[in-house]
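Student: Below is a structure I'd like to ask you about.
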Ligand code: ATP
Ligand code: MG
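In the working numbering, the protein residues as written are 4 to 407.
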């Protein structure tokens, strides 16, 4: 058991000391049995949010109305949630109200899959009313209770089934798959932000093609932002290890879908990363050298594109040449004399003063020339050397430059 469980145990003991129940629950129980790394633990209790806040010294209110309080213990945050049952879901995504209960089983029953509906006390004894343990052994995802009803309550669970299938490399029970197919249109009503969290987790393992087939055959793909713009065929023909890799390669093949990227509601930073990956994929079809590529693209973009080509490229595509160029570019990244224009050891103001000229387009032009000379190691990035080089090679007259 790792340190997180030791911390959790302390929290449970304190709850017990105040006459409350406390259990490890959900993902951490599942993962510890599977011997997967546990990154966060969740605790469930019959203590009400106000009780939790008064018992523990350091707490953060992250959703009191839903019963969730973060308890900070030994500097690690731990979610402590009051046992609850969820009543009517009229919109396929959020319960209309939250009702607290003092029964653990009631709380486990509202959870999505049997493998996520187990609890463990401080002695690591399992409470498993829905045979989650057996499903873990059989590597099977099954909803707690009737799958149609559970997906009617919250359609996100349909996507979560695919996410756990991908992450754990599990199968999904036949009746659960059938219900997913029937109910997938309800995913329309689920917020993009919630879908995005799960979508990202679908990528990353070697089973991605198998998982993509599940997304297509159940109709889930049709309800996903951005992915719905890609034809099933194009979607199934691409292997990617991240959502951004998928987007980059699909946009490379069909530039017109780039405008749909905003449907995903990803950050501008991620959007620009995707655009850079697509641009690099395109540049590889033109004559480019490793130095230029390493200057224009970050090592992260280069290595992601390299992986994309390794797994998707064909011989006819000059696959091996492209990969070699990217390997060389990554190597060059370490050695570049400058990483961006502003790294040049002379700036516009200094150039204006030196030439005794007004500012203008010539500055940009000259910096561009210097950038190229320095990048290819024909000129050292040193102010005096740069000035000397300019003296010998550049003439400037009324805002026009001439390079000898
Ligand atoms: P991860 O390790 O990826 O965080 P997790 O199982 O902890 O996996 P979370 O999304 O953090 O997944 O949810 C925590 C627990 O809450 C789940 O294990 C499950 O018991 C319950 N849960 C989460 N989302 C839902 C949902 N939409 N419907 C029902 N139960 C859910
Ligand atoms: Mg979790």
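Ideal Cβ placement from N, Cα and C applies to all residues, glycine included.
Quick check: the Cα distance between residue 241 and residue 214, rounded to an integer number of angstroms?
Tutor: Approximately 12 Å, taken between the alpha carbons.
Student: Alpha carbon to alpha carbon, what distance is there between residue 277 and residue 287?
Tutor: Each residue's Cα considered, the two are about 16 Å apart.
Student: Examine the ligand ATP and report whether any of its heavy atoms sits within less than 8 Å of the Cβ of residue 408.
Tutor: As shown, the chain starts at 4 and ends at 407. That puts residue 408 outside it, with no answer to give.
Student: Quick one: is residue 388 near chain B, going by C-beta distance under 9 Å?
Tutor: Here chain B cannot be found, since the structure has a single protein chain.
Student: Within this structure, are the beta carbons of residue 411 and residue 203 separated by less than 9 Å?
Tutor: In the structure displayed, the chain extends from 4 to 407; residue 411 sits before or after that span and is not available.
Student: For the putative contact between residue 248 and residue 307, defined by C-beta atoms under 8 Å, what is the C-beta separation to the nearest angstrom?
Tutor: Indeed, because the Cβ distance is near 6 Å, the residues count as touching under 8 Å.
Student: Per DSSP, residue 144 is paired with what?
Tutor: According to DSSP, residue 144 bridges with 175.
Student: Evaluate residue 165 with the Cβ neighbour count: other Cβ atoms within 10 Å of its Cβ, from every protein chain shown; 16 or more gives buried, anything less gives exposed.
Tutor: By the neighbour-count rule (16 or more Cβ atoms within 10 Å), residue 165 is buried.
Student: Note down the Cα distance separating residue 407 from residue 322, rounded to an integer number of angstroms.
Tutor: Approximately 40 Å between the Cα atoms of the pair.
Student: Does the distance between the C-beta of residue 172 and the nearest non-hydrogen atom of the ligand ATP fall short of 8 Å?
Tutor: Incorrect: residue 172 has no Cβ contact closer than 8 Å to the ligand ATP.
Student: Cβ of residue 30 within 8 Å of any heavy atom in the ligand MG?
Tutor: Residue 30 Cβ: within cutoff of the ligand MG.
Student: Per DSSP, what are the beta-bridge partners of residue 80 in this structure?
Tutor: According to DSSP, residue 80 bridges with 75.
Student: Reducing DSSP to helix, strand and coil, say where residue 407 ends up.
Tutor: Coil at residue 407, not helix or strand.
Student: What does a CB cutoff of less than 8 Å around residue 159 pick up in its chain, not counting 5 residues either side in sequence?
Tutor: The answer, listed in chain order, is 96, 190, 193, 197, 198, 201.
Student: Which of helix, strand or coil does DSSP assign to residue 28?
Tutor: It is a strand residue.
Student: Report yes if the C-beta distance between residue 3 and residue 106 is below 9 Å; otherwise report no.
Tutor: For the chain, the structure presents residues 4 to 407; residue 3 sits outside this window and is missing.
Student: Within the same chain, show all residues whose beta-carbon is closer than 7 Å to that of residue 41, passing over the 5 residues directly before and after it, in chain order.
Tutor: Correct list, in chain order: 5, 7, 31, 34, 35.
Student: Taking 8 Å as the cut-off, is the beta-carbon of residue 237 closer than that to any non-hydrogen atom of the ligand ATP?
Tutor: No, the ligand ATP has no heavy atom inside 8 Å of this Cβ.
Student: The ligand ATP and residue 114: does any heavy atom of the ligand fall closer than 8 Å to the residue's C-beta?
Tutor: Yes; taking the cut-off as 8 Å, the Cβ of residue 114 has a heavy atom of the ligand ATP nearer than that.
Student: Compute the minimum distance between the beta carbon of residue 182 and the heavy atoms of the ligand ATP, and state whether it is under 8 Å.
Tutor: No.
Student: Roughly how far, in whole angstroms, is the beta-carbon of residue 336 from the beta-carbon of residue 297, given that I think they are within contact range, below 8 Å?
Tutor: Indeed they touch by this definition, with Cβ atoms about 4 Å apart.
Student: With a threshold of 16 other CB atoms inside 10 Å of the CB of residue 394, please say whether the residue is buried or exposed.
Tutor: Under this definition residue 394 is an exposed residue.
Student: Output yes or no for whether 9 Å exceeds the beta carbon distance between residue 65 and residue 14.
Tutor: No, the Cβ-Cβ distance between residue 65 and residue 14 is not below 9 Å.
Student: Assuming residue 88 contacts residue 104 (C-beta within less than 8 Å), just tell me the rounded distance between them.
Tutor: Indeed, because the Cβ distance is near 5 Å, the residues count as touching under 8 Å.
Student: By a C-beta neighbour count over all protein chains shown, 10 Å radius and 16 as the cutoff for buried, is residue 332 buried or exposed?
Tutor: It is buried - the Cβ of residue 332 has at least 16 other Cβ atoms within 10 Å.
Student: Roughly how many angstroms lie between the CA atoms of residue 230 and residue 377, to the nearest whole one?
Tutor: Using only the alpha carbons, I get a separation of about 43 Å.
Student: Drop a sphere of 10 angstroms on the beta-carbon of residue 254, count the other beta-carbons inside from all chains shown, and report buried for 16 or more, exposed for fewer.
Tutor: So residue 254 counts as buried.
Student: Are residue 144 and residue 108 close, meaning C-beta to C-beta below 9 Å?
Tutor: Result no, Cβ atoms of residue 144 and residue 108 do not sit closer than 9 Å.
Student: To which residues does DSSP link residue 103 through a beta bridge?
Tutor: Paired residue(s): 87.
Student: Taking the CB atoms as reference points, tell me whether residue 45 and residue 29 lie closer together than 9 Å.
Tutor: Yes. Within cutoff.
Student: Rounded C-beta distance between residue 113 and residue 151? I'm assuming under 8 Å.
Tutor: Contact flag wrong, Cβ pair sits at about 16 Å.
Student: Taking the beta strand (DSSP E) that residue 262 belongs to, which residues open and close that run?
Tutor: Run containing residue 262: none; DSSP gives neither H nor E here.
Student: Taking contact to mean at least 3 C-beta pairs separated by less than 8 Å, is the stretch 338-353 in contact with the stretch 369-389?
Tutor: Taking 8 Å as the limit for Cβ pairs, the verdict is that the stretch 369-389 does touch the stretch 338-353.
Student: Just how far apart, CA to CA, sit residue 291 and residue 228?
Tutor: Roughly 34 Å separates the two Cα atoms.
Student: Here's the rule I'm using: 16 or more other beta-carbon atoms within 10 Å means buried, otherwise exposed. How should residue 309 be labelled?
Tutor: Classification of residue 309: buried, given that the 10 Å Cβ count is 16 or more.
Student: In or out: residue 302 buried (at least 16 other Cβ within 10 Å) or exposed?
Tutor: Residue 302 should be labelled exposed.
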